[in-house]
Every structure is written in structure tokens, then in C-alpha cells.
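Heads up: the sequence shown at position 164 corresponds to 164 in full-length UniProt numbering, and the numbers run straight through without jumps. Positions of the beta carbon are idealized from the N, C-alpha and C atoms, including for glycine. To keep things clear, I will list the structure first and then write my remarks on it.
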Amino acid sequence: MSVAGSGSIDLGGKRVHRLGFGAMRITGPGIWGPPSDHDEAIRVLRRAAELGVTFIDTADSYGPYVSEQLIREALHDGTGYGDVVIATKGGFTRLGPDNWVALGRREYLRQCLLMSLRRLGVEQIDLWQLHRIDPRTPRDEQFAEIRAFLDEGLAKQVGLSEVSVEDVRAAQDAGIPVASVQNRYNLGDRRAEKLLDYCTEQGIAFIPWAPVDAGALARPGGPLDRVAAAHPGVTTGQLALAWLLRRSPVIVPIPGTSSVAHLEENLAAADVELTDEEFDTLSRAA
Numbered sequence: 001m002s003v004a005g006s007g008s009i010d011l012g013g014k015r016v017h018r019l020g021f022g023a024m025r026i027t028g029p030g031i032w033g034p035p036s037d038h039d040e041a042i043r044v045l046r047r048a049a050e051l052g053v054t055f056i057d058t059a060d061s062y063g064p065y066v067s068e069q070l071i072r073e074a075l076h077d078g079t080g081y082g083d084v085v086i087a088t089k090g091g092f093t094r095l096g097p098d099n100w101v102a103l104g105r106r107e108y109l110r111q112c113l114l115m116s117l118r119r120l121g122v123e124q125i126d127l128w129q130l131h132r133i134d135p136r137t138p139r140d141e142q143f144a145e146i147r148a149f150l151d152e153g154l155a156k157q158v159g160l161s162e163v164s165v166e167d168v169r170a171a172q173d174a175g176i177p178v179a180s181v182q183n184r185y186n187l188g189d190r191r192a193e194k195l196l197d198y199c200t201e202q203g204i205a206f207i208p209w210a211p212v213d214a215g216a217l218a219r220p221g222g223p224l225d226r227v228a229a230a231h232p233g234v235t236t237g238q239l240a241l242a243w244l245l246r247r248s249p250v251i252v253p254i255p256g257t258s259s260v261a262h263l264e265e266n267l268a269a270a271d272v273e274l275t276d277e278e279f280d281t282l283s284r285a286a
């Protein structure tokens, strides 16, 4: 079993497998505090690497700080992370479980990045992403600080999260070579379709969060369930991930979990092949 069948893409200065891992769910309830089972969280991270995952997405606000600390504990070899690209994000403050507030002041964004460097034990972040554009801070000020991260060598690449095509173009016009965009997108939620098409055209990695959430399409007797009947042993979640991988060569799904068993189930999607008819059926259903 390996995620190599998911294909590959250049990201974070390396060639990574397109099926990655999102490290939000290895924290406590409400993405707050430590996980209920610390050892299982470590096993999940190490098993992901064993199965060929070379792209892990996290954020300083996951915990906060907990996810980054666990990644270092599980995967740092004393000098770095080898072939694994660790992407992190900054720009959210946490006021409690499930409570997120965007903060994009330049000094705060710089603190986010510098502290992520310390927690991850690296001198340069492979891919640093602005978690949200803060509407209370001029967008150009936020972009200027992100550009400075590149100029100073603090980040190898930078990206944006939950943005529009216009936001990405504005960042590019500000001199930022946007390497990735991270928006909610899955088989049942296609609101970011125009953004995905723009990223595909520009060669920008598109990292869909909540990639397995297919909503009503996964109900018994629904489109995913009917396609699953032709793939014995394949789950609707695996089919949803397989659809994403085929939808565009720039898509990098990051299904997350706190369980090794669920991790292995998700990553098995790398070997699921949809026929042309199945792909078209699911695309139309969405």
C-alpha cells in the first residue's frame, strides 16, 4: 500500500505525492488542546510517512501549536523532515474551542511564521500559507509581509487560504508567486470551481480542505453509493478522493484523521480508478 498512485506535483521545493495528510484532527475537540490519545496521534503521522505521504498540511492555530509540536515529535530526524514537505499556516488567533479570529497585522503574521519555525525545528518553512485574509487590515499590507518572508528566506514558498480568483491575482500583482491555494472543495461543494480552474491554468497547487465531505451524494442509494457498488471493498470516501485526484492535476487532497485505521482507509484512495463514465456521472451529480 502506497500513495504513489495518486501522482505527484512540485510543491515546497520538492516533488511530492498528490495525496497528502491534513494534521488538524490530531488535536483535541474543537481543534483545541492536545489529542485524547497522544500515542495514536504519533502513530498516525509516522504511518502516513510510511505509506508514502510526502505532503503534510498543518497550521499554528491547530491546538493552537499542538499539531506542529506533534509533527516535530513524530517526524523530525534531528536535521529536518527528509522528503516530507511540511506546510503550515498563520493568521488566526484562537479564543477557545472552535473559535477562530483572523488577524493579519504584519507584526502578527511575522510572529506566526517565526514561532512555526521554532516549533517545527527548521530554518525555513517549506510552504507558509496565509490562513485567512484579515478584512480589518489592508490586504496589500498582508501581501507585503508575505513577500518579505520569501525575500528573507524564511519561507521557500507561500500560499493563500479561502480566497477568490481576484485575491490570487492581487497577490500575484503584488509580486507574490502564489504556490498554493487552500479552499473548501469536494464532490458535494463546488463553490470554488472558478478558482480551481484558474489554479489549473496557472499551475498553482489547489489544496481542498474537507475533501471527503460529499454530503447528500454519499447517502444510501445516492450517486457515490451506486458507483461504489461497482468497486467491491471501496468506500464512498475513497471514491470522493479519487474523483478529486482526477478532477485536476493540481489538486492535492489532504484528508485528516486521528486514527491509523481511518488514515489507511483514506490513503487507499490512491489506487482507486474511476472509469470515464463514473467520473462524468459523479461530476454531473455534483
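Check for me: the beta strand (DSSP E) holding residue i runs from which residue to which?
i, result
"glycine 83", "Note on residue identity: the sequence assigns aspartate, not glycine, to residue 83. Here aspartate 83 belongs to no beta strand (DSSP E), and DSSP marks it neither H nor E."
"isoleucine 71", "Premise fails: isoleucine 71 lies in the alpha helix (DSSP H), 66-75, not in any beta strand (DSSP E)."
"arginine 18", "That residue, arginine 18, is in no beta strand (DSSP E); it is neither H nor E in DSSP."
"serine 116", "Looking at the DSSP string, serine 116 is not in any beta strand (DSSP E); the run it does join, the alpha helix (DSSP H), is 106-120."
"valine 101", "99-102"
Starting from residue i, follow the alpha helix (DSSP H) in both directions and report where the run begins and ends.
i, result
"arginine 43", "38-50"
"glycine 96", "Not the alpha helix (DSSP H): glycine 96 falls in the beta strand (DSSP E), residues 92-96."
Count the other CB atoms, across all protein chains shown, that sit within 10 Å of the CB of residue i; report buried if there are 16 or more and exposed otherwise.
i, result
"isoleucine 89", "According to the sequence provided, residue 89 is lysine. The question's isoleucine does not apply to it. It counts as buried."
"proline 255", "buried"
"threonine 79", "exposed"
"histidine 38", "exposed"
"threonine 257", "buried"
"glutamate 193", "exposed"
"serine 15", "Going by the sequence as given, residue 15 is arginine instead of serine. Counting Cβ neighbours within 10 Å, arginine 15 comes out exposed, since fewer than 16 surround it."
So what does DSSP say about residue i, is it helix, strand or coil?
i, result
"isoleucine 56", "strand"
"isoleucine 186", "Looking at the sequence provided, one finds asparagine at residue 186 rather than isoleucine. Correct three-state label for asparagine 186: strand."
"isoleucine 207", "coil"
"histidine 131", "coil"
"leucine 150", "helix"
"glycine 159", "strand"
"isoleucine 31", "helix"
"serine 283", "helix"
"aspartate 140", "helix"
"serine 8", "strand"
"aspartate 225", "helix"
"residue 297", "As displayed, the chain neither begins before 1 nor continues past 286, which places residue 297 out of reach and without an answer."
"glycine 63", "strand"
Does the distance from the CB of residue i to the CB of residue j come in under 7 Å?
i, j, result
"threonine 137", "arginine 105", "yes"
"arginine 246", "leucine 224", "no"
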